[in-house]
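Take a look at the structure below.
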Amino acid sequence: MANDAVAEQERMRRFRDAALPYLDEVYTLARYLMRTTDDAEDAAQECFLRALRHFDSYRGPAMKPWLLAILRNVCNAEFARRSRGDVPTDCAQDESVAEEMPMWREPQASPEKVILQQQDSATIRRLVAELPAPFREAIVLREINDLSYKDIAEVAGVPVGTVMSRLARARAMLRSAWNASENTTVRSGPATASGTAP
Amino acid sequence: MKCDELEVLLHALIDGELDAGHAHDVEMHVAGCSACAAQLASYRAMHGVMGGGALKETAPAHLRSRIEALVAAPAPRVVSMRGFFKPTRRSFFGGFALGSALSAAVAASLVLTVIRRDEQAVADEVVSAHIRSLQPGHLMDVATSDQHTVKPWFNGRVDVAPPVIDLTAESFTLLGGRLDYIDGEPVAAIVYQRRKHMINLFVAQHLGARHARTVAESIQGYNVRHWSQDGLDFWVVSDLAGDELDEFVQKIASAVPRSSSAS
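Residue numbers (our numbering), protein chains in the order written: chain H, 24 to 221; chain L, 37 to 299.
What follows is the structure, given as structure tokens:
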């Protein structure tokens, strides 16, 4: 029994060293998937509990995508549970709905017009949060969690090709929302460089 | 290259996911296409803003300390784990947690979990690895029937020199090799085929096969064989019939000493 306790301590230590450095990453994804901070915190905690339980079967090599995949499962399970009640969910939203949305293409947009830096983080967060779930997940995993396509595919459980098309669509939707929100703010503010002011 | 086809590749370029050849193709196209150049510029700007870390969240301190407590080194006695849980924490994620009482119970079971790398755990994992390997594109990292190509491929990837044995004459075709992970450790997987049946041979130094004699079992419909030989543990998984798999095992086992001395 003493040996067991030592072994267990060793296991816990290995888990801490491997997993805890990714707490912020896990929490970040949780914030984007779950919307409220309370839910995000609960999901992150549940993620680490599950990870600890399955740590023995963890076969690596990358801890980050493994944790994020667990987190995603936790969130989806929670959405599924809520949808059995009558709480509306958006993770369950069918991708086909979003697939019907036109791919945003605006070839006439010149680089100078894209004054994205003017958007503050709060606005960007809001725009990301408004994306349909599969696209939101893809863009957050790529841009914010900084995963490779291969890792995103593993986390989301879809082929790399799907990751690529989701990312393209996510960025297209984001850009159009981005431009739209910029236009509204610009209208009330001073003229941009691109226009000839009267 | 048409602009439509390029759309997805633009993103792959931004994300650094294109090989040099494709990156060059895309850049060539963009250089001569103002529409795609504009797209690329705007997406790149967006990528720059989003990827800068400004959108990263930091876990709140109370969450961090809660999770740290969950994974703190447990005291030898289970009862002391209770102190780690905040009894006021609201109940969590239905079905799983019913509040702190159950959390404590979960923690207690964690304390009692013993680190084991026993045969059963490894057996389950090699079967999972076998099933995973059958997914498209997962079977092989190095695809060749030449044992002299497969064997050196493992150099530096695993810390053993796995014997790679050509059994084509015995109608077990060597397909190639793969790096796999069992229990988080890199393991050499050598892939054979008989008729339509794939055979994965996993080789590593410590893989829970403690017996020199071959142990046979069946897991999820797959036949599994494992044995220990010359300081290496061998696991074989396949949907091949048991007697044929035994034949395979016997061929491998009898060829291993020759193969090792040859290396």
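Using N, Cα and C, we set each Cβ at its ideal position, and we do this for glycine too.
May I have the straight-line CA-CA distance separating K287 of chain L from A92 of chain H, to the nearest angstrom?
-> Near 41 Å, if we compare the C-alpha coordinates of A92 of chain H and K287 of chain L.
Contacts that K92 of chain L makes with chain H (C-beta to C-beta distance below 7 Å) | Here the neighbours are D47, T51, I167.
So is A137 of chain L in contact with chain H if we call contact Cβ pairs under 8 Å?
-> Its pLDDT being 45, under 50, A137 of chain L is placed unreliably in this model, and the value from its coordinates should be taken loosely. No, A137 of chain L lies away from the interface with chain H (no Cβ there is under 8 Å from its Cβ).
Chain-ordered residues of the region 76 to 92 of chain L with a beta carbon less than 7 Å from chain H = Residues passing the 7 Å Cβ filter: A77, S78, Y79, A81, M82, H83, V85, M86, G87, A90, L91, K92.
From the DSSP output, in three-state form, read off Y258 of chain L for me.
-> In this structure, DSSP gives Y258 of chain L an extended state, which the three-state scheme calls strand.
Going by DSSP, what residues sit across from E177 of chain H in a beta bridge?
-> DSSP output for E177 of chain H lists no bridge partner at all.
Using a Cβ cut-off of 8 Å (strictly closer), state whether V196 of chain L contacts chain H.
-> No, V196 of chain L lies away from the interface with chain H (no Cβ there is under 8 Å from its Cβ).
Using DSSP with H/G/I as helix, E/B as strand and the rest coil, what is M234 of chain L?
-> DSSP places M234 of chain L in strand when its eight states are reduced to three.
Residue environment, L170 of chain L, which counts as buried when at least 16 other CB atoms sit within 10 Å = That one is exposed.
How big is the Cα-Cα spacing for S133 of chain H and D62 of chain H?
-> For S133 of chain H, the pLDDT reaches just 44, beneath the cut-off of 50, and the residue's location in the model is therefore unreliable, although a value from the coordinates is still provided. Distance between the alpha carbons of S133 of chain H and D62 of chain H: 40 Å.
Take the Cβ of S211 of chain H as the centre, count every other Cβ of all protein chains shown within 10 Å, and call the residue buried at 16 or more, exposed below.
-> Reliability of the predicted coordinates at S211 of chain H is poor, the pLDDT of 46 falling under 50, and no value is obtained from them.
Based on the DSSP secondary-structure assignment, which residues constitute the bridge partners of Y228 of chain L?
-> Partner(s): L:L210, L:I235.
Just to confirm, are A193 of chain H and L150 of chain H a CB contact at a threshold of 8 Å?
-> At the C-beta level, A193 of chain H and L150 of chain H stay beyond 8 Å of one another.
Beta-carbon proximity list for R73 of chain H, same chain, < 6 Å, skipping 5 on both sides | Result list for R73 of chain H: I93, in chain order.
S144 of chain H - containing alpha helix (DSSP H), residue span = Segment 144 to 152, the alpha helix (DSSP H) holding S144 of chain H.
Residue-chain proximity (E205 of chain H, chain L), Cβ-Cβ < 8 Å = So no, E205 of chain H is outside the interface.
At a cut of 8 Å, does the region 177 to 185 of chain L reach the region 259 to 273 of chain L through at least three beta carbon pairs?
-> No, the region 177 to 185 of chain L is not in contact with the region 259 to 273 of chain L.
Of all the CB atoms in chain L, is at least one closer than 8 Å to the CB of V198 of chain H?
-> The question names Val, but residue 198 of chain H is Arg in the sequence shown. Closer than 8 Å to the CB of R198 of chain H there is at least one CB belonging to chain L.
Would you mind sorting R102 of chain L into buried or exposed? The rule is 16 or more other CB atoms within 10 Å of its CB.
-> By the neighbour-count criterion, in which a residue is buried when 16 or more other Cβ atoms sit within 10 angstroms of its Cβ, R102 of chain L is buried.
Are D27 of chain H and P88 of chain H touching if we call contact CB-CB under 8 Å?
-> The Cβ-Cβ distance between D27 of chain H and P88 of chain H does not fall below 8 Å.
Listed by chain order, chain H residues near I218 of chain L by CB distance under 7 Å | Per Cβ cutoff of 7 Å: R82.
Could you work out which residues of chain L lie near R194 of chain H, taking near to mean beta carbons separated by less than 7 Å?
-> Per Cβ cutoff of 7 Å: H47, Y79, M82.
Where H184 of chain L falls, given that 16 or more other Cβ within 10 Å makes a residue buried = Under a 10 Å Cβ-count criterion, H184 of chain L is classified as exposed, with fewer than 16 other Cβ atoms of the shown protein chains found around its own Cβ.
For V272 of chain L, the first and last residue of its enclosing beta strand (DSSP E) | Taken as a continuous stretch (DSSP letters only), the beta strand (DSSP E) holding V272 of chain L covers 268 to 274.
Which residues bound the alpha helix (DSSP H) around L56 of chain H?
-> Looking at the DSSP string, the run of the alpha helix (DSSP H) that includes L56 of chain H is 46 to 57.
Under the three-state reduction of DSSP, which class applies to Q156 of chain L: helix, strand or coil?
-> Helix at Q156 of chain L.
Using a Cβ cut-off of 8 Å (strictly closer), state whether A157 of chain L contacts chain H.
-> Residue-level contact by beta carbon holds for A157 of chain L and chain H, with a gap shorter than 8 Å.
By a C-beta neighbour count over all protein chains shown, 10 Å radius and 16 as the cutoff for buried, is R58 of chain H buried or exposed?
-> It is exposed - the Cβ of R58 of chain H has fewer than 16 other Cβ atoms within 10 Å.
Near Y172 of chain H, which residues of its chain fall below 7 Å by C-beta distance, leaving aside the five closest residues on each side in sequence?
-> Correct list, in chain order: V183, V186, M187.
Kindly confirm or deny that the region 245 to 261 of chain L and the region 275 to 285 of chain L touch, where touching means at least three C-beta pairs closer than 8 Å.
-> Touching, per the Cβ criterion.
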